[in-house]
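For the protein sequence lines, the chains are E and P, in the order given. Using the working numbering, you'd call the opening residue of the first sequence number 1076 and step up by one each time. Using the working numbering, you'd call the opening residue of the second sequence number 1076 and step up by one each time. Where is the CB? At the ideal position from N, CA and C, for every residue including glycine. These numbers come from a predicted model, not from an experiment. Written below as structure tokens is the structure these notes are about.
Protein chains: 2
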Amino acid sequence: MPEADYQLIIVGGGPAGLTAGLYAARAKLNVVLLEKGTTGGQVMSTDWVDNYPGFPEGISGFELAEKFAAQARRFELPIKLEEVQSMDLAGPVKKLFLASGKTLTSLTVILATGARPNPLGIPGEKEFTGKGVSYCATCDGPFYRGLEIAVVGGGDTAVQEAVHLTKFATKVYVIHRRDQLRATKVIQERAFANDKIEFIWNTVVTEIFGGSDVEGIRLKNVKSEEETILAVKGCFVLIGIRPNMEMLPLNQLDNDDGFIKTDKEMQTSQPGVMAAGDICSKEMRQIINAAGEGAVACISVERYLSNFK
Amino acid sequence: MPEADYQLIIVGGGPAGLTAGLYAARAKLNVVLLEKGTTGGQVMSTDWVDNYPGFPEGISGFELAEKFAAQARRFELPIKLEEVQSMDLAGPVKKLFLASGKTLTSLTVILATGARPNPLGIPGEKEFTGKGVSYCATCDGPFYRGLEIAVVGGGDTAVQEAVHLTKFATKVYVIHRRDQLRATKVIQERAFANDKIEFIWNTVVTEIFGGSDVEGIRLKNVKSEEETILAVKGCFVLIGIRPNMEMLPLNQLDNDDGFIKTDKEMQTSQPGVMAAGDICSKEMRQIINAAGEGAVACISVERYLSNFK
Chain E
1076 MPEADYQLII VGGGPAGLTA GLYAARAKLN VVLLEKGTTG GQVMSTDWVD NYPGFPEGIS
1136 GFELAEKFAA QARRFELPIK LEEVQSMDLA GPVKKLFLAS GKTLTSLTVI LATGARPNPL
1196 GIPGEKEFTG KGVSYCATCD GPFYRGLEIA VVGGGDTAVQ EAVHLTKFAT KVYVIHRRDQ
1256 LRATKVIQER AFANDKIEFI WNTVVTEIFG GSDVEGIRLK NVKSEEETIL AVKGCFVLIG
1316 IRPNMEMLPL NQLDNDDGFI KTDKEMQTSQ PGVMAAGDIC SKEMRQIINA AGEGAVACIS
1376 VERYLSNFK
Chain P
1076 MPEADYQLII VGGGPAGLTA GLYAARAKLN VVLLEKGTTG GQVMSTDWVD NYPGFPEGIS
1136 GFELAEKFAA QARRFELPIK LEEVQSMDLA GPVKKLFLAS GKTLTSLTVI LATGARPNPL
1196 GIPGEKEFTG KGVSYCATCD GPFYRGLEIA VVGGGDTAVQ EAVHLTKFAT KVYVIHRRDQ
1256 LRATKVIQER AFANDKIEFI WNTVVTEIFG GSDVEGIRLK NVKSEEETIL AVKGCFVLIG
1316 IRPNMEMLPL NQLDNDDGFI KTDKEMQTSQ PGVMAAGDIC SKEMRQIINA AGEGAVACIS
1376 VERYLSNFK
């Protein structure tokens, strides 16, 4: 086996990275997890998690993230506060170049850098995230039972989730900056046929406001420049997500616009490099499958290591 | 859309089925989960679970299974005590034939029937399961720190896990009924080179005994018929697993010896039929990835339903 500082370096400390780390530490691999900020990833800033199995009454995102990290630490996973700036993942020894100037080498790497939703970038959005502003209908839809809400976006996800949200909300306004949707035909038709959905065309949201929770949004028609107020209790921002790919050598990894392609065992196109969680090219991004992928990625690492000559 | 009793029927109430059910109930699908025995699957009979993320100190299998079920019930997932005897999964309306004589129809099905480890079928095995007898090295290995243990089997899994277990145990006896291993060469070589591993050839285990926990096993040489006693605190039975496939129409589903093939979105070869958990053809069978697959399977069901003309 070639020489390297570690058998495994995990990049990213969200549910995928921490679960991979839990499995790696339990398996007594020579491992380190690198996280540039705080562990927990997006979960950390999620107000309430109702659909992570094992918590019948739900759990706060903060508390769940703490539990993930505590469990990994219990098995003595070393977690280092380091920002990875770039990597060279080709060949048997992987090199990670840190912002601190150090270079770490490893026989395998698990990429678990995550993704983030595209924000609108308007006043009130950040302030009311988790208090009426949401980026995930599957996660938060059931909290809006009997209320009126807005969905921002015109793609497949936005329109499909608007239909989904009518199961809870009494009224769903879909706000789109163009005069037609990008969503596929059959999904469009289902939305147009739904009495609870009202489309507001050629319109952008310019502000989200409220007291302790969202009470309304300010709209602007991009053609007439007319401004109006819409009283809604929720605003789902569904205008795509982007991968945290800034530190990834995308020329060394098969990817879809920065989302890393893997097989079912979470192996990337680069031998010895696995990926798990939201950074992966896939359909669904939830805590539970991110964690599942982290565990699978670790087992693939163990298999890769055990086949090293 | 064609007519059917349900939009979704989930077969099996382990972590995969219950997570699919949790997601389906939250999404307000017209769904039912069918389970022939008690919910929880194999988790129910697992003594202690240390590697399901979210429980830093670990949790008893019984309690974790209860939490999974309680969470699904909180979102009003209907769980019915019914045994499925056979199915017809071809065409747009799936038919499930129950032991009770009833037939249920559904637009989609999630197969989550699980798998079970092959047992040795010897005295003491059942009695000491979870008290020294284990079928999963990844799950239970760390509980045997500083102890002497036995591994039964000669395939890839048995030999690879024997090496893995030397990280915890002071001595690992590998008991194999033949005079050579079936495991691949590189894995064999690693085991032969390991000082802590001792092979006992041409030998079968005939009894597992102890007090409150395992204290030893009785061995029999199949050539000389000589019987001996081996004092070990643990006995890992790693002689393969078999899918719970008795009720599955295997002629309608691509499969590997009964394990159902799926793509990354948990879709089987049959449109409208997803699979999740241990019944799937895959490398790793852990609670966390079974649950993750259940959630993904449900989202694939929703996508399939939303594209129905």
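Shown here, C1211(P) sits in coil according to DSSP, grouped into three states, outside any helix or strand. The residue from Y1098(E), A1174(E), T1113(E) and D1125(E) with its alpha-carbon nearest to that of R1149(E) is Y1098(E).
Sequence-ordered contacts of the stretch 1251 to 1262 of chain E with chain P read V1261 and I1262 [C-beta pairs closer than 8 Å]. Annotated as proximal: R1265(P) and S1381(E), with beta-carbon spacing under 8 Å. Taking 8 Å as the CB threshold, Y1098(P) lines the interface with chain E.
Against K1339(E), the close residues of chain P are K1339 and K1357, in the order they occur along the chain (beta-carbon pairs closer than 7 Å).
Between I1292(E) and L1305(E), the gap from beta carbon to beta carbon is short of 8 Å.
In this structure, I1084(E) and L1171(E) form a Cβ contact; the two beta carbons are roughly 6 Å apart against a cut-off of 8 Å. Put simply, the CB of R1101(E) is near chain P, with a gap under 8 Å to one of its CB atoms. Residue I1275(P) holds the alpha-carbon nearest to the alpha-carbon of R1253(P) among L1240(P), I1275(P) and A1268(P).
Inclusion of G1136(E) and L1108(E) in the CB contact set at 8 Å is not warranted, their separation being larger than that value.
Given a length threshold of 4 residues, each whole run of the alpha helix (DSSP H) inside the stretch 1090 to 1140 of chain E is given here in chain order: 1090 to 1101. Using a CB distance below 9 Å, the part of the stretch 1138 to 1169 of chain P facing chain E consists of L1139, E1141, K1142, F1143, A1144, A1145, Q1146, A1147, R1148, R1149 and F1150, ordered along the chain.
Per DSSP, F1150(E) lies in no beta strand (DSSP E) and is assigned neither H nor E. A residue is called buried once 16 or more other Cβ atoms fall within 10 Å of its Cβ, and L1139(E) is buried on that count.
When the alpha-carbon of F1203(E) is set against those of I1354(E), L1093(E), A1095(E) and G1309(E), the nearest one is in G1309(E).
Residue pairing by DSSP puts V1159(P) in a beta bridge opposite L1173(P). A1268(P) has its alpha-carbon roughly 24 Å from the corresponding atom of V1168(E).
Taking 3 residues as the minimum length, the beta strand (DSSP E) runs contained wholly in the stretch 1178 to 1232 of chain E are 1178 to 1186, 1190 to 1192 and 1223 to 1227, in order along the chain. Between the stretch 1357 to 1373 of chain E and the stretch 1323 to 1330 of chain P, the count of Cβ pairs shorter than 8 Å is below three; the stretches do not touch. Following the DSSP letters along the chain, one finds N1296(E) inside the beta strand (DSSP E) bounded by residues V1289 to N1296. Taking the C-beta atoms as reference points, F1311(P) is found nearer than 8 Å to E1236(P). Per the C-alpha coordinates, the member of G1096(E), G1199(E) and Q1255(E) positioned closest to G1285(E) is G1199(E). Residue contact with chain E for I1374(P): present (Cβ-Cβ distance below 8 Å to some residue of chain E). If you look at K1260(P), you'll find it isn't in any beta strand (DSSP E); it sits in the alpha helix (DSSP H) that goes K1260 to F1267. Residue environment: S1299(E) is assigned as exposed (fewer than 16 neighbouring CB atoms within 10 Å of its CB, all protein chains considered).
When the Cα atoms are used, E1368(E) and A1351(E) turn out to be separated by approximately 5 Å. According to the DSSP assignment, C1310(E) belongs to the beta strand (DSSP E) that extends over G1309 to V1312.
Within chain P, G1129 have C-beta atoms less than 8 Å from the C-beta of Y1127(E), given in sequence order. Inter-residue distance for Q1146(P) and T1278(P) is about 47 Å (C-alpha atoms, whole angstroms). Separation of V1247(P) and S1209(P) (C-alpha to C-alpha, rounded to the nearest whole angstrom) is 14 Å.
Taking 8 Å as the CB threshold, S1381(P) lines the interface with chain E. Within chain P, the residues T1094, A1366, G1367 and A1370 have their CB atoms less than 7 Å from the CB of I1363(E), given in chain order.
Residue environment analysis places L1156(E) among the exposed positions, since fewer than 16 neighbouring C-beta atoms fall within 10 angstroms of its C-beta. Here the alpha carbons of N1193(P) and G1315(P) stand approximately 6 Å from one another. Here T1121(E) is buried. Its C-beta has 16 or more other C-beta atoms within 10 Å.
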